[in-house]
Each structure stands twice: as structure tokens, then as C-alpha cells.
Amino acid sequence: MKRALMSLGMLLGAVASLLCTGPARAGLQITLLERGNDLQVEVFGRLETLPTPAAAGFCGIEGALFGQFETKPNTNFPIICTGPDDPLLLYSITGDLEGFGGTAALAPADAVAGLPFWFSTSAYNGPPRYRSVLGLPLTTRAGDPLFSSATFAGRSLRGEGFTAPGPAGTWTLVGTEETIEVQIGRTATPAPLPLLGAGAALAWGRRLRHRLTEADGAPGPQRQSR
256 MKRALMSLGM LLGAVASLLC TGPARAGLQI TLLERGNDLQ VEVFGRLETL PTPAAAGFCG
316 IEGALFGQFE TKPNTNFPII CTGPDDPLLL YSITGDLEGF GGTAALAPAD AVAGLPFWFS
376 TSAYNGPPRY RSVLGLPLTT RAGDPLFSSA TFAGRSLRGE GFTAPGPAGT WTLVGTEETI
436 EVQIGRTATP APLPLLGAGA ALAWGRRLRH RLTEADGAPG PQRQSR
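My numbering applies: residue 256 is where the sequence shown begins, and numbers increase by one.
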């Protein structure tokens, strides 16, 4: 019931935001912000041009926020996953390989809403799905509006290492002029951080590292049991 109410609240907030801001501009904006005592990741916007996908994949968990995730020695793999854990088409992006900052290692989310979404940056020299990619729903067409979110209860920006509000980076969809911007919202005094869910985040991280270890040359992702 609590998750359902949180998801409904996020959808109502998204509708209010869209009504206040008017038509969505081209490109996507990923915003990390605080709503009450929770940390929320929101994705808004639309892409007017979509190139050929580089691969297919899925997040493997409903909601994830990893600011510094070392998959292999000296190789960071920052990840944002929002919305339900459904299949995605992955598109190559270019930009800062160090990601968007922070030290968060959160998964799964306490609530998700909207469409499935994946954003990651990486210098890993492996299959496309483990590089810098943007993951969109299988049914996405050019010009379709996108909303997706994930909420992490009892978390704060400052507590997860996001101490500098403002733009955190801009990435470009390869083969287009479409951009993906990450914005860090206001910081606040951190609330006590709950330990519940830390084990799930660590387990998901181990599964991703295992997939990366066996990924080179693999034809496609295989869904792991949870």
C-alpha cells in the first residue's frame, strides 16, 4: 500500500510539473532532488531523433542510483535506473565518463513510476550495453514524451555525496544532436540513513559485476534470477 501511494504521488507530481512548465523541450533532463524526507530521481523530456539501438538490455532491479560503481579496477560505471524493470533498447551516448558525482549505492527503490529507463556512463571497453548508454522502452518512438522516476525513502542528496547543486553534466545521443542533462537539486541536512535494502543493493551490484565478467563477446543479456 505504501509503495502504491508513493507511486501515485509521484505521478500526480509529474502531471503538476508538466502543467506548470508547459510543453516539454527536446532532450531529456534527469533531476536528483529531495521531496520531503526522500531522495527522488525524475526523468522528463522527449527525443526528436532516435538512432539505431546499440543493444538490448534491462536494469535487473526496480530503481537504482549508483554514483561510483567500480565494475573493474579503475573503471567506474555510474548508473541510474528508474521506472519498472522492463526490457529496454540501449542507445550509445558520449560525454563525461566519470559520471555525475555522488557516492550513492542504492537499489532497489522504495517506489517507481512511469516508464522503464536506464542511464549509465562508463569507460569499460566491452559490449555496448556495458558502456555509456541510454536505455528507453522498446515501444519508444521519436518525439514521444517520457516520464520516469524512482524514490529512495529516508535518503538525502548530501547523505549520498551530492553536495554541489546545479548541472552535473550533459551527454549526447550518438548520431544526433539530442542531449541528456543531469541536474542535482537542493541539498539538505541528511536524515538518519536506514540500513534496510543495503543487502539488496550489494547483491544487485555483485550480479552486475558477474555479468560484466562474462559479457565480453556475449550475444545478449540473460535475465538473472532475483
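Each residue gets a CB set at the ideal place from its N, CA and C atoms; glycine is no exception.
Pull up the distance between the alpha-carbon of residue i and that of residue j, whole angstroms please.
i, j, result
"PRO447", "GLY414", "At PRO447 the pLDDT is 39, less than 50, meaning the model places this residue with poor confidence and gives no usable figure here."
"SER377", "LEU370", "23 Å"
"GLY315", "THR358", "20 Å"
"THR395", "PRO306", "12 Å"
"LEU283", "THR427", "10 Å"
"GLN295", "GLY350", "23 Å"
"ARG410", "ALA419", "16 Å"
"ILE557", "VAL437", "A question about residue 557 goes unanswered here, because the residues of the chain that appear run from 256 up to 481."
"GLU317", "GLU289", "19 Å"
"SER404", "PHE299", "9 Å"
"GLU433", "PRO400", "14 Å"
"LEU451", "GLY424", "In this prediction, LEU451 has a pLDDT of 42, which is less than 50 and means its spatial position is unreliable; nothing more can be read from the coordinates."
"PRO308", "GLU297", "23 Å"
"ALA408", "THR431", "36 Å"
"ASN241", "VAL429", "Any answer about residue 241 is impossible in this case: the structure gives the chain only from 256 up to 481."
"PHE372", "PHE313", "9 Å"
In the DSSP assignment, the beta strand (DSSP E) including residue i goes from what residue to what residue?
i, result
"PHE332", "Premise fails: PHE332 is in no beta strand (DSSP E) and is neither H nor E."
"THR349", "343-349"
"PHE299", "293-301"
"SER404", "400-407"
"THR427", "421-428"
"SER375", "372-375"
"ALA319", "319-321"
"ILE439", "434-439"
"GLU289", "282-290"
"LEU391", "388-392"
"GLY369", "366-369"
"ALA310", "310-312"
Relative to the alpha-carbon of residue i, which residue among the options has its alpha-carbon at the smallest distance?
i, options, result
"LEU345", "GLY440, SER375, THR406", "SER375"
"ILE435", "GLN295, ASN292, THR406, THR304", "THR304"
"LEU412", "GLU317, VAL429, GLY356, LEU302", "GLY356"
"GLU353", "ALA368, TRP373, PHE332, PHE372", "PHE332"
"ILE334", "GLY291, GLY430, VAL429, GLY390", "GLY390"
Taking Cβ to Cβ, would you say residue i is nearer than 7 Å to residue j?
i, j, result
"CYS496", "ALA319", "Residue 496 is absent from the structure shown; the chain starts at 256 and stops at 481."
"ALA360", "PHE321", "yes"
"THR406", "ALA362", "no"
"LEU393", "PRO339", "no"
"LEU287", "PHE417", "yes"
"SER387", "ILE348", "yes"
"ARG301", "GLY421", "no"
Please tell me whether residue i has its Cβ less than 7 Å away from any Cβ of chain B.
i, result
"THR358", "Chain labels in this structure do not include chain B; a single protein chain is all it has."
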